[in-house]
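The structure appears right after this line, and notes come after that.
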Amino acid sequence: MTTRRRLATVGLVCALAAGTWAAPVLAALPTVDMEAVVKAAQIDPRRADTAITPGSKDSVLLVERALRDLGLLAATYVDGHFGTKTIDAYAAYQRSLGYTGLDATGLPGPTSLRLLGDQRYTVIKSISPGARSTFRGVPVNARTKAMVLEAERLLGFQLAFDQGSYSPGNDPTSAGTHDGGGALDISVSGMSATQRTTVARRLRQVGFAAWVRTPAQGDWPYHIHAIALADTDLSTPARNQAGDYYLGLNGLANKAPDDGPVVEPKLTWEEYQRA
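Numbers 957 to 1231, taken from this note's numbering, label the letters of the sequence shown in order.
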């Protein structure tokens, strides 16, 4: 007796023999743009409202839904705004992976973002700070070093550093901005006011939030303070300064208007390289 199951089996065997059978096509997972998520994680917590960083909503929603499904974020905050509640939830997720310190600040890193997306989404435009090293006497990561070298190419001369990254407790006046990656204080010894501004402009062009700091602003000499936008090793204070820069502020506690050279659009290192 010939059954439908037997007919289907015979048909499959014939199709395989003829080379015409194809595996069923599985639906592709949605994608999370890491660059967009990290930008939102810098900017959104610094807003006084729940505005959404342009270009980030779809990716942030996927991340927030994953955090909600893990019981780490209330459904009311699944809104595409990577605000303080989402930062806290993401930090809790990082801690659940066993991360501590700079790896558990709520700023998404490449590994945690990929693990969170398992069977939910895939990650595109991944960002990594790269390996740490000593560069002209100060600690930096590979991404920051590459950014400085490109700024120097534009300037036509080398820069010297007063302070580097990964330096917790090294300078109490820095308020923790140098505890993580992506932070530099650049010496302006021998520079004119015009030269200081030019250096800050070139740093901004390659992806730093950079300001000329003056003795009138705090207990420090003239220097240029620079934070690498979208560095996933940023300390929380440095992340806040990056967000303030995007919002047109000076990165200081007084939240005064940005007093640095105007560079538009504000690009990350990755965006600069593609431009």
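Where a beta carbon is used, it is the ideal one built from N, C-alpha and C, also for glycine.
Which residues DSSP lists as bridging residue i, in chain order
i, result
"F1117", "I1142"
"V988", "V1079"
"T1090", "P1095"
"P1221", "The partner list for P1221 (beta bridge, DSSP) is empty, contrary to what the question assumes."
"P1213", "L1205"
Element boundaries [beta strand (DSSP E), containing residue i]
i, result
"T1097", "Looking at the sequence shown, residue 1097 is not Thr but Asn. Looking at the DSSP string, the run of the beta strand (DSSP E) that includes N1097 is V1094 to N1097."
"W1167", "F1164 to R1169"
"I1080", "T1078 to I1080"
"A1184", "H1179 to A1184"
Classification of residue i by the beta-carbon crowding that lies within 10 angstroms, buried from 16 upward
i, result
"Q1151", "exposed"
"Q1050", "buried"
"G1174", "exposed"
"V941", "The structure shown does not extend to residue 941, since the chain is modelled only from 957 through 1231, so no value can be given for it."
"R1160", "buried"
"M957", "A caution first: M957 carries a pLDDT of 43, below 50, which makes its placement in the model unreliable, though a value can still be read off. Classification of M957: exposed, given that the 10 Å Cβ count is below 16."
"S1191", "buried"
"D1014", "exposed"
"F1117", "buried"
"N1210", "exposed"
"A1047", "buried"
"P1213", "exposed"
"T1133", "buried"
"D1025", "exposed"
"S1012", "buried"
"E1220", "exposed"
Start and end residues, alpha helix (DSSP H) containing residue i
i, result
"A1022", "K1013 to D1025"
"T1009", "T1009 -> no alpha helix (DSSP H), and no H or E assigned at all."
"Q1151", "A1149 to Q1161"
"P1193", "T1192 to Y1202"
"P1066", "P1066 to L1072"
"R1051", "T1040 to S1052"
Closest Cα partner of residue i within the set the options
i, options, result
"M990", "A1131, S1084, G1163 and P1001", "S1084"
"A1045", "T1170, L1111, T1061 and T1056", "T1061"
"I1311", "R1195, W1225, G1207 and D1214", "Residue 1311 lies beyond the stretch modelled for the chain, which goes from 957 to 1231, so this question has no answer here."
"Q1229", "D1000, L1190, G1163 and R1088", "G1163"
"P1095", "E1108, I1142, Y1033 and S1121", "S1121"
"V1079", "G1216, D1200, P1221 and V988", "V988"
"A1186", "G1011, V1016 and W1225", "W1225"
"L1115", "I1142, W1176 and R1003", "I1142"
"T1100", "L1140, S1052 and G1054", "L1140"
"R1109", "R1158, D1127 and H1181", "R1158"
"G1216", "I1180, V1034 and I1008", "I1180"
"P1064", "G1011, A1102, L1053 and T1188", "T1188"
"A1165", "V1019, Q1075, S1089 and N1206", "N1206"
"A992", "A1107, L985 and T1009", "T1009"
"Q1197", "A1131, D1005 and D1035", "A1131"
"V994", "S1089, A1030 and G1199", "G1199"
"Y1033", "T1006, N1126 and L1053", "T1006"
"S1089", "L1058, G1137, S1012 and R1076", "G1137"
"L985", "A1087, G1073, P1193 and G1125", "G1073"
"D1154", "G1112, L1203, R1076 and G1086", "It should be pointed out that residue 1154 corresponds to Thr in this sequence rather than to Asp. It is G1112 whose Cα lies nearest to the Cα of T1154."
"P1124", "G1054, L1058, A1022 and G1011", "L1058"
"N1097", "L1203, L1023 and D1135", "D1135"
"A1156", "L1018, P1171, D1127 and A1107", "A1107"
"L1018", "N1126, Y1077, W1167 and P1177", "Y1077"
query = Would you call the region 1137–1156 and the region 1062–1069 touching, i.e. three or more CB-CB distances under 8 Å?
reply = No, the region 1137–1156 is not in contact with the region 1062–1069.
message = With three or more C-beta pairs closer than 8 Å as the rule, is the region 1028–1043 touching the region 997–1010?
response = yes
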